[in-house]
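Single-structure report; data block below.
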């Protein structure tokens with residue numbers, strides 16, 4: 015805004031004392047100070063408000079005004095409430111440095127002027143930014159990408175002083191404005207993603223206002239148009255889709271601000287920003303189309319029992335696309351995921367595909383697209399990922415290289431559970447690594463078996479790895495329900511009945527005894543019991559079940575019964 019507009023606003027009580035030729039100067043901010051040297055807090059373009067408390071005598075005016083002029087201040091407004099009329103030495107100093115000077119009527123508070131300037135400047139910046147965003151959106155929709163989400167987030171930071179980040183539904187940080195450093199901690203990203211997904215599932219209208227770690231954020235959904243994604247069931251208008259088709263694949267914009275009292279113009283601006291980022295999301299999805307198709311072709315060869323030489327040849331042809339810059343042929347792992355919704359009328363394969371492309375991103379990877387080495391195909395409710403690993407032997411550190419099911423979902427379990435709500439499940443299985451195309455068929459079957467093990471567990475988000483396929487864990491999910499119920503009832507029901515009648519805690523005692531490998535002293539210490547009390551309880555267990563806990567066979571039966579119960 016211009017100084018002339020301030021002078022023409024009667025409610026501000028400003029009287030011009032000097033600088034009439036400078037009234038076309040632009041005001042970009044406002045600052046109130048009574049410091050003798052406020053230079054460290056000035057960036058240029060401000061209207062400075064002062065009560066003159068810094069002035070002890072006439073000699074103080076010249077250095078004060080010189081500091082303001084050197085900092086590029088637009089004008090000075092001095093209040094008359096405390097010291098009365100503005101001193102002539104200050105008027106003279108401002109004239110020498112061509113700094114416009116206003117007197118502020120004693121009836122007008124500095125807060126009134128500050129609020130007016132901030133409101134006007136913010137509105138003008140928002141209008142300018144809206145034009146830039148609209149121009150950028152047109153450029154992106156009609157031609158090559160204009161820099162991605164980072165560009166518009168930079169505009170939000172520089173023009174509206176808004177710190178903002180783009181997050182995936184799993185809580186992965188996709189982009190952030192440069193002045194939003196340091197970036198959001200991963201725990202905050204996960205919490206924001208979870209709050210966003212919970213709000214979407216309950217049908218709330220965005221933006222969603224949440225508080226995490228004492229900071230208020232406003233969350234704006236970034237909804238994909240569905241162009242180029244290959245997502246099943248998304249051919250209609252976005253508003254006609256079932257929310258479950260997109261809730262686990264749409265990005266979100268997190269702004270460090272409370273949008274509850276924003277004017278409609280600013281909310282419209284942020285809506286335009288989300289549309290702009292959505293264009294970039296569609297562009298990235300389109301870029302993944304070739305990788306997805308190649309993955310589909312390789313997996314079809316694997317599943318139909320094609321000769322290993324044919325699969326290896328297809329991988330060699332696909333390598334430049336699937337594995338840019340990776341060099342030597344890698345080892346491979348296969349990851350299988352399913353997203354299933356109650357009722358079964360919605361296929362979850364496309365959503366599982368999008369999730370795997372987010373979950374499997376290597377946090378240490380570089381390049382414009384961090385998931386460009388992950389090839390994921392889908393069919394029905396199932397998504398299958400071919401994950402290349404560096405061809406480095408794990409013998410160097412004694413540990414097994416590659417993905418581990420027990421840690422893969424740790425960071426995303428909470429947000430994804432919120433999106434799945436009470437009617438969806440994500441289950442995931444991870445194979446061991448294989449060294450050639452000949453092993454891919456076995457790796458695929460291994461990952462599918464591991465996923466079935468995960469599906470037999472409780473919880474909305476579950477994973478299992480190949481390590482568990484060499485233990486009793488593999489067998490338990492495939493025991494028929496009627497056999498499972500009969501086996502556990504025969505062994506455990508007598509103990510449960512006794513516990514209900516006598517509060518004897520025989521079941522917890524049995525679990526602890528088996529966990530301690532039958533050690534009397536360790537079990538007694540864990541339960542805070544005297545060894546004789548423990549012996550009495552174990553004896554009661556043996557009496558009620560006609561079993562002997564000193565025998566390996568009976569210990570194994572109890573162990574399996576507890577696992578299946």
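Residue numbers (this note's numbering): 15 to 579.
Yeah, the Cβ is synthetic: ideal placement off N, Cα and C, and Gly gets one too.
Which runs of the alpha helix (DSSP H) fall wholly inside the region 177–214 and span at least 4 residues, in chain order? none
DSSP on residue 45, reduced to helix/strand/coil? strand
Residue 97 and residue 90 look like a contact to me (Cβ under 8 angstroms); what is the Cβ gap, rounded to whole Å? About 15 angstroms; that fails the 8 angstroms criterion.
Report the rounded CA-to-CA distance for residue 439 versus residue 204, giving the unit in angstroms. Those two C-alpha atoms are separated by around 18 angstroms.
Run through DSSP, which three-state label would residue 24 get? helix
How many angstroms separate the CA atom of residue 326 from the CA atom of residue 455? 12 angstroms
Is any beta-carbon of chain C found at less than 8 angstroms from that of residue 268? Here chain C cannot be found, since the structure has a single protein chain.
How long is the line joining the alpha carbons of residue 418 and residue 539, rounded to whole angstroms? 34 angstroms
Per-residue DSSP class, three states only, for residue 361: coil
What are the start and end residues of the alpha helix (DSSP H) that includes residue 522? 520–529
Could you work out which residue in 473, 472, 444 is closest to residue 459 when comparing CA atoms only? 444
Below 8 angstroms between beta carbons: does that hold for residue 476 and residue 421? no
Simplified DSSP state of residue 570, which is helix, strand or coil: Helix, per DSSP.
For residue 231, the first and last residue of its enclosing alpha helix (DSSP H): Not the alpha helix (DSSP H): residue 231 falls in the beta strand (DSSP E), residues 229–236.
Please report the residue range of the alpha helix (DSSP H) in which residue 456 lies. Start and end: 454–469.
Taking buried to mean at least 16 other C-beta atoms within 10 Å of its own C-beta, is residue 112 buried or exposed? exposed
For the alpha helix (DSSP H) that residue 509 lies in, which residues bound it at each end? 495–516
Starting from residue 350 and walking both ways along the beta strand (DSSP E), at which residues does that stretch end? 345–355
Could you say which of 353, 174, 399 lies nearest to residue 430 if we only look at CA atoms? Comparing alpha carbon positions, the residue from 353, 174, 399 closest to residue 430 is 353.
Within 10 Å of its beta-carbon, does residue 24 have 16 or more other beta-carbons around it, so buried, or fewer, so exposed? Exposed, since its Cβ has fewer than 16 Cβ neighbours within 10 Å.
So what does residue 476 bridge to, in DSSP terms? 441
Given a cut-off of 8 angstroms, decide if residue 261 and residue 214 are closer than it, judged by their beta-carbon atoms. yes
Sheet register partners of residue 402 (DSSP bridge): 346
Judging by CA-CA distance, which residue of 400, 501, 85 is the nearest neighbour of residue 576? 501
Let me check one thing: in DSSP terms, what residues is residue 40 bridge-paired to? Residue pairing for residue 40: DSSP places it in a beta bridge opposite 16.
C-alpha distance - residue 320 paired with residue 302, whole-angstrom precision: 25 angstroms
Residue 433 vs residue 199 beta-carbon contact at 8 angstroms: no
Secondary structure of residue 156, DSSP reduced to three states: The pLDDT assigned to residue 156 is 40, lower than 50, so where the model puts this residue is not dependable, and the model offers no usable value.
For a quick check, are the C-beta atoms of residue 56 and residue 87 less than 8 angstroms apart? The answer is yes: Cβ separation under 8 angstroms.
According to DSSP, what are the bridge partners of residue 389? 400
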